[in-house]
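**Q** Protein sequences appear in the order of chains A and B.
In terms of our numbering, the first sequence is numbered consecutively and its last residue is 215.
In terms of our numbering, the second sequence is numbered consecutively and its last residue is 772.
Mind having a look at this structure? Questions to follow.
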Amino acid sequence: MATNHDPDLPAPHDEHRRNFLKQSSLLTALALVPSAVVEAAESKLDERVAEAIEKIPLSLKINGKKHKLKVEPRTTLLDLLREDLHLTGTKKGCDYGQCGACTVHVDGLRVNSCLSFAVMHDGQEITTIEGLASGDDLHPMQEAFVKHDGFQCGYCTPGQIMSAVACVREGHAGSEAEIREYMSGNICRCGAYANIVAAIQDVKSGGKKV
Amino acid sequence: MKPNDKQIGSSLNRVDGRLKVTGAAKYSAEYELPNLTYGVLVGSTIAKGRITSLDTKAAQNAPGVLAVISHLNSPKVPGFQPTGKEPSQPQTGGEPLKVFFDDKIRFNDQPIALVVADTLQRARHAARLVQAQYARETHQTNMVAGAKDAFLPSSAKKNPKSPMADYQRGQPDAYQTAALKIEQEYVIPTEHHHPMEMQSITAHWEAPDRLTLYDKTQGTIGTRRDFAKEWNLPEDHVKVIATYVGGAFGNALHSWPHESAAIIGAKVTGRPVKLMLTREQMFTMVGYRPYTWQKIGMSATADGRITAITHESIGQTSSYQEFTESTLQQTRMMYQSPNLTTRYRLAALDVSTPIWMRGPGEATGSFALESAMDEMAHLLKLDPMEFRLRNYTEQDPEKNRPWSTKFLRECYAKGAELVGWNKRQLQPGTLREGDWLLGYGMGVGTFGANRGAAHVSARLQPDGTVLLQCATTDIGPGTGTAMTQIAADTLGLPPERIRFELGQSGFPQAGSQGGSSTVNTVGQAVQDACLALKDRLRELAAPGTPAFATAKKEDVALTDGHLTLPGNAARVPFATLLQQPDAALVNVESKANGADKDKFSMYSFSVHFAEVAVHALTGEVRVRKLVSCADAGTIINLKTAANQMKGGAVGGIGMALMEHAVIDDRYGRYVTKDFADYHVPVQADAPAVEVFFVNQPDYHVNQLGTKGIGEIATIGVAPAIANAVFNATGKRVRELPITPDKLV
Numbered sequence: 006m007a008t009n010h011d012p013d014l015p016a017p018h019d020e021h022r023r024n025f026l027k028q029s030s031l032l033t034a035l036a037l038v039p040s041a042v043v044e045a046a047e048s049k050l051d052e053r054v055a056e057a058i059e060k061i062p063l064s065l066k067i068n069g070k071k072h073k074l075k076v077e078p079r080t081t082l083l084d085l086l087r088e089d090l091h092l093t094g095t096k097k098g099c100d101y102g103q104c105g106a107c108t109v110h111v112d113g114l115r116v117n118s119c120l121s122f123a124v125m126h127d128g129q130e131i132t133t134i135e136g137l138a139s140g141d142d143l144h145p146m147q148e149a150f151v152k153h154d155g156f157q158c159g160y161c162t163p164g165q166i167m168s169a170v171a172c173v174r175e176g177h178a179g180s181e182a183e184i185r186e187y188m189s190g191n192i193c194r195c196g197a198y199a200n201i202v203a204a205i206q207d208v209k210s211g212g213k214k215v
Numbered sequence: 029m030k031p032n033d034k035q036i037g038s039s040l041n042r043v044d045g046r047l048k049v050t051g052a053a054k055y056s057a058e059y060e061l062p063n064l065t066y067g068v069l070v071g072s073t074i075a076k077g078r079i080t081s082l083d084t085k086a087a088q089n090a091p092g093v094l095a096v097i098s099h100l101n102s103p104k105v106p107g108f109q110p111t112g113k114e115p116s117q118p119q120t121g122g123e124p125l126k127v128f129f130d131d132k133i134r135f136n137d138q139p140i141a142l143v144v145a146d147t148l149q150r151a152r153h154a155a156r157l158v159q160a161q162y163a164r165e166t167h168q169t170n171m172v173a174g175a176k177d178a179f180l181p182s183s184a185k186k187n188p189k190s191p192m193a194d195y196q197r198g199q200p201d202a203y204q205t206a207a208l209k210i211e212q213e214y215v216i217p218t219e220h221h222h223p224m225e226m227q228s229i230t231a232h233w234e235a236p237d238r239l240t241l242y243d244k245t246q247g248t249i250g251t252r253r254d255f256a257k258e259w260n261l262p263e264d265h266v267k268v269i270a271t272y273v274g275g276a277f278g279n280a281l282h283s284w285p286h287e288s289a290a291i292i293g294a295k296v297t298g299r300p301v302k303l304m305l306t307r308e309q310m311f312t313m314v315g316y317r318p319y320t321w322q323k324i325g326m327s328a329t330a331d332g333r334i335t336a337i338t339h340e341s342i343g344q345t346s347s348y349q350e351f352t353e354s355t356l357q358q359t360r361m362m363y364q365s366p367n368l369t370t371r372y373r374l375a376a377l378d379v380s381t382p383i384w385m386r387g388p389g390e391a392t393g394s395f396a397l398e399s400a401m402d403e404m405a406h407l408l409k410l411d412p413m414e415f416r417l418r419n420y421t422e423q424d425p426e427k428n429r430p431w432s433t434k435f436l437r438e439c440y441a442k443g444a445e446l447v448g449w450n451k452r453q454l455q456p457g458t459l460r461e462g463d464w465l466l467g468y469g470m471g472v473g474t475f476g477a478n479r480g481a482a483h484v485s486a487r488l489q490p491d492g493t494v495l496l497q498c499a500t501t502d503i504g505p506g507t508g509t510a511m512t513q514i515a516a517d518t519l520g521l522p523p524e525r526i527r528f529e530l531g532q533s534g535f536p537q538a539g540s541q542g543g544s545s546t547v548n549t550v551g552q553a554v555q556d557a558c559l560a561l562k563d564r565l566r567e568l569a570a571p572g573t574p575a576f577a578t579a580k581k582e583d584v585a586l587t588d589g590h591l592t593l594p595g596n597a598a599r600v601p602f603a604t605l606l607q608q609p610d611a612a613l614v615n616v617e618s619k620a621n622g623a624d625k626d627k628f629s630m631y632s633f634s635v636h637f638a639e640v641a642v643h644a645l646t647g648e649v650r651v652r653k654l655v656s657c658a659d660a661g662t663i664i665n666l667k668t669a670a671n672q673m674k675g676g677a678v679g680g681i682g683m684a685l686m687e688h689a690v691i692d693d694r695y696g697r698y699v700t701k702d703f704a705d706y707h708v709p710v711q712a713d714a715p716a717v718e719v720f721f722v723n724q725p726d727y728h729v730n731q732l733g734t735k736g737i738g739e740i741a742t743i744g745v746a747p748a749i750a751n752a753v754f755n756a757t758g759k760r761v762r763e764l765p766i767t768p769d770k771l772v
């Protein structure tokens, strides 16, 4: 997915690899001297080495706003949004890519943000539920979810709406059966499925730009 | 909207809809607090035994780690300590797990340590570095083995009148000697609630004796009470905030070990701790619908009159706490039967404690009862609806008193019409479309129309809006919306001028959102508070405008910023009434329904009809259509109520066709630990659901006439589907879920 790097910046993967090699050789050296290993562990040297290379620079455009960040490579896009950027509209429902609550758009495509690391998206454009409305005007899909009561507790709702918008844009909202198939990656435990379908059909037939 | 338009019975859009569709609604793990830290729990990897050593050094040394807390170093939680005043006998029914209290392991994945770090990634990594050694003891997690030692619940031993005690009318086990009888066993496996929001808490000690909890709970007052007691604090020193709850279905009706753990973590680090369980931990740490074995014996006359029913049940519970539910209640009161026997038992296993899951025991019990009704009808060669009608009860046969209201007959008729019941064939396996076998089935549900006590405050604001507050919660049904409608009608104001705030323990007290009782209870309190507010305003207006002194509170109107009386020129501006601070504030307590509760049996009723298609070669079951009809009293909001009914039906599809938690008894650990292994219905599994409400008020429950719909939306759905599968295939599946392997 790393196709959108700024060609003027060094590829972060190379830098990462260099650091990794440095760390590995250090650890290999330590491994040859058992007492040094113990000493290193005592002083948390290995952890300090790791900490120094833990963060990687990352540029993202989120909801139209540019962010220059430094993140640990193990940070998922979901955790970056929720915990670091406080964009908590995107929900964590399983962390395994099985429920769809964390659905966001990456360069226009729907993605389970819990299943991708933030650093995989350098230079890409992310849209979250917070970026869907234009100011006070709700997106037609948001309007339709309110009108058709396409939710109850509201927790899966941002993911459903992001997925529903993509479903229409992809051309997968042609029939009730097609909508049900292409929306099956978004679980609603309250069971508002029928109302979600009604909302999507309303938007599809409503003629507004989605 | 004109102020005179009735809001009750309308389809008002949810008042919090905009916040939910824009991502602005904040759930319990979404509050920004200074110095916030992250807690991750480490679970045991054995089901029973003791921790012999716990190596936390690597975790403690990991970057960003602030604390690793276990039984070895946990601060003393006052509520966990013996008080010296313990009774000589152990507490009836056991007690909840005390987290990090001792080295004892009672179930697999029991929390044994909490890692607190400055970022989620660091906490998660460090949690993996904690190493435990155990002294294992032999565990028992198998229900079949555990059921051999099944026992009468302590509550029934103590009180023979307890609903958990054995019940008898007429002759015991009278079905056994009858000519026309069935005797079958039914099994429901362990099922998990799995709300989409995993259990989360953010615990913040704002001062050494002041605790604030942003918590996923169905009851802010209950949670406050539990943790005030645990930390020996005055209740008003504990604040619980649950403005938005991302589903719960019962699993946030209880306080769980992870909540105690987060509070301990915040105490140790002196910083707020946010803890969200993983989906895997949702299987082990926050309850479940218990595995339940049931047996029904039933006899009838050739013309379809039931002569006897015996219904026995054994439900799973934990080794340290007795959990009971009303599995056998529906059997005692739904159908006439001169002889009726019920026996309820528990089997204690080395697992965590169960908790009510939507439609709780009644949904479990109705699977057995309503399947048995279908089996008996088949034996008698009777239409199953006709069989039910021949045994319809015009009064409660358990308590021998009238129903407050019962419109189940109307539900049968409408549901049969909507599903096309006339297409159903008496002979199973008759209807076929290509490779698909078609069938129709029905299942009945009931749940007590309960009403408790609640407090609500109402205040007229200077801008002419009315602010109502109550500590109740909204886990999804749309409580705030329904309350806004009730207030709007009572005050004669448009809904935009009402603001109903909920989900904080500091608001006037109300019980937990559970047992389909919120609208019955809080709805009445809202109505009472609005009337009390009118009366207060009338009193405030009376000194300057004598017409108000003699007016009735019901007649007082709030019109264009003035207090008015219809047919009278008297007008007092709100500003005049609001000169004293808090003058226009009332705080009202509505009591639980009293005398009527003893004179009438109060229940909501539902019937669900299913049309299924079963693939003749693969055994795949598709629910093509569900019709859910409810006698639930007055419907406050048609749109949100219908949504709740449809959602309950979807839950019933899960129960019937897919939900099944599997424990590997060798290790006493779940092998189903995410949505790949534990299937819940997805969009493609959900059929069109048609909903019908009788919408007749029951004024014995409250003055609004509501009875509640949350539980009856699910109760009876699973047997409707199972019965439809039998009608399609001739195969009777008595152990849920109905997976293809059981049909081919």
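Don't be surprised by glycine CBs; every beta carbon is placed ideally from N, CA and C.
Please return the same chain residues whose Cβ sits closer than 6 angstroms to the Cβ of B/V68, not counting the five positions on each side in sequence.
**A** Correct list, in chain order: V143, A151, R152, A155.
**Q** List the residues of chain A that B/H222 touches, going by C-beta distances under 8 angstroms, in chain order.
**A** Per Cβ cutoff of 8 angstroms: R194.
**Q** Taking all protein chains shown into account, do 16 or more other C-beta atoms lie within 10 angstroms of the C-beta of B/R134, making it buried, or fewer, making it exposed?
**A** Counting Cβ neighbours within 10 Å, B/R134 comes out buried, since at least 16 surround it.
**Q** Straight-line CA distance for A/S64 to A/G128?
**A** Whole-angstrom Cα-Cα distance: 5 angstroms.
**Q** Report the CB separation of B/S39 from B/L666 in whole angstroms; it is logged as a contact under 8 angstroms.
**A** Confirmed, Cβ separation roughly 5 angstroms.
**Q** Which of helix, strand or coil does DSSP assign to B/A145?
**A** Here B/A145 sits in strand by DSSP.
**Q** Of the residues B/V640, B/N41, B/T767, B/M673, which one's Cα is nearest the Cα of B/A752?
**A** Among B/V640, B/N41, B/T767, B/M673, the Cα nearest to that of B/A752 is on B/V640.
**Q** In chain order, which continuous runs of the alpha helix (DSSP H) of length 4 or greater are located wholly inside the stretch 342 to 425 of chain B?
**A** The stretch 342 to 425 of chain B contains these whole alpha helix (DSSP H) runs: 357 to 361, 388 to 407, 412 to 418.
**Q** Of all the options B/K295, B/I514, B/M224, B/V266, which has the alpha carbon lying nearest to the alpha carbon of B/A276?
**A** Taking only the C-alpha atoms, the option nearest B/A276 is B/M224.
**Q** Along the chain, where does the beta strand (DSSP E) containing A/P62 start, and where does it finish?
**A** Per DSSP, A/P62 belongs to the beta strand (DSSP E) from 61 to 67.
**Q** Are B/I740 and B/A669 close, meaning C-beta to C-beta below 8 angstroms?
**A** No, they are not a contact pair.
**Q** Can you tell me which of the three DSSP states B/I514 falls into?
**A** Here B/I514 sits in helix by DSSP.
**Q** Just to confirm, is the Cβ distance from B/I342 to B/L374 under 8 angstroms?
**A** Cβ distance < 8 angstroms, so B/I342 and B/L374 count as in contact.
**Q** I'd like the list of long-range same chain contacts for A/Q103, defined as Cβ closer than 8 angstroms, with 5 residues on each side in sequence excluded.
**A** Once the five neighbours on either side are set aside, the close Cβ partners of A/Q103 are I192.
**Q** Determine the contact status of B/L82 and B/V158, defining contact as a CB-CB distance below 8 angstroms.
**A** A contact, by the Cβ cut-off of 8 angstroms.
**Q** Under a Cβ-count criterion, where at least 16 other Cβ atoms within 10 Å of its own Cβ denotes burial, should B/A538 be classed as buried or exposed?
**A** Classification of B/A538: buried, given that the 10 Å Cβ count is 16 or more.
**Q** For B/H232, list the residues DSSP reports as bridge partners.
**A** Looking at the DSSP assignment, B/H232 forms a beta bridge with B/T240.
**Q** Go through its chain and collect everything with a Cβ distance to B/Q196's Cβ below 6 angstroms, but skip five positions before and after it.
**A** T369, listed in sequence order.
**Q** B/V550 to B/N450, Cα distance in whole Å?
**A** Each residue's alpha carbon lies about 41 angstroms from the other.
**Q** Counting along the chain, where does the alpha helix (DSSP H) carrying A/V208 start and finish?
**A** Segment 198 to 211, the alpha helix (DSSP H) holding A/V208.
**Q** With 16 as the cutoff for other CB atoms within 10 Å, does B/D491 come out buried or exposed?
**A** So B/D491 ends up on the exposed side.
**Q** For chain B, find out if any of its Cβ atoms is closer than 8 angstroms to the Cβ of A/M125; answer yes or no.
**A** False, the Cβ-Cβ gap to chain B never drops below 8 angstroms.
**Q** Residues of chain B with a CB under 8 angstroms from the CB of A/R185: which are they?
**A** By Cβ distance, chain B contributes Q711, A712, A714.
**Q** Which residues, in order along the stretch 267 to 294 of chain B, keep a beta-carbon less than 9 angstroms from a beta-carbon of chain A?
**A** Those residues of the stretch 267 to 294 of chain B that come within reach of chain A (Cβ to Cβ, closer than 9 angstroms) are Y272, V273, G274, G275, A276, F277.
**Q** Do you know offhand how far A/L86's Cα is from A/T133's?
**A** Taking the straight line from one Cα to the other gives about 9 angstroms.
**Q** Within 8 angstroms of any Cβ in chain A, is that where the Cβ of B/L40 sits?
**A** Answer no: the Cβ-Cβ gap between B/L40 and chain A never drops below 8 angstroms.
**Q** Assign B/G380 to one of two classes, buried (16 or more other C-beta atoms within 10 Å of its C-beta) or exposed (fewer than that).
**A** A small fix is needed here, since residue 380 of chain B is Ser in this sequence, not Gly. That one is buried.
**Q** Please report the straight-line C-alpha distance between B/G531 and B/Q555, rounded to a whole angstrom.
**A** Cα-Cα distance, rounded: 19 angstroms.
**Q** Return the CA-CA distance between B/N279 and B/L645, expressed in angstroms with no decimal places.
**A** Using only the alpha carbons, I get a separation of about 38 angstroms.
**Q** Tell me the DSSP secondary structure of B/V547 in three-state form.
**A** In this structure, B/V547 counts as helix in the three-state DSSP scheme.
**Q** What are the boundary residues of the beta strand (DSSP E) that B/L69 is part of?
**A** Where B/L69 is concerned, the enclosing beta strand (DSSP E) stretches over 65 to 71.
**Q** Please confirm whether A/H91 has its beta-carbon closer than 8 angstroms to some beta-carbon of chain B.
**A** It does; some Cβ of chain B falls within 8 angstroms.
**Q** Starting from the Cα of B/V772, find the closest Cα among B/V642, B/D563, B/A290 and give me that residue.
**A** Closest by alpha carbon: B/V642.
**Q** Are the C-beta atoms of A/N68 and some chain B residue less than 8 angstroms apart?
**A** No, no contact with chain B.
**Q** Taking beta-carbon pairs under 9 angstroms, can you tell me which members of the stretch 489 to 512 of chain B lie near chain A?
**A** Taking 9 angstroms as the Cβ-Cβ cut-off against chain A, the residues of the stretch 489 to 512 of chain B that qualify are D502, I503, G504, P505, G506.
**Q** Measuring straight from C-alpha to C-alpha, what distance separates B/A560 and B/V616?
**A** Rounded to whole angstroms, B/A560 to B/V616 spans 7 angstroms at the Cα level.
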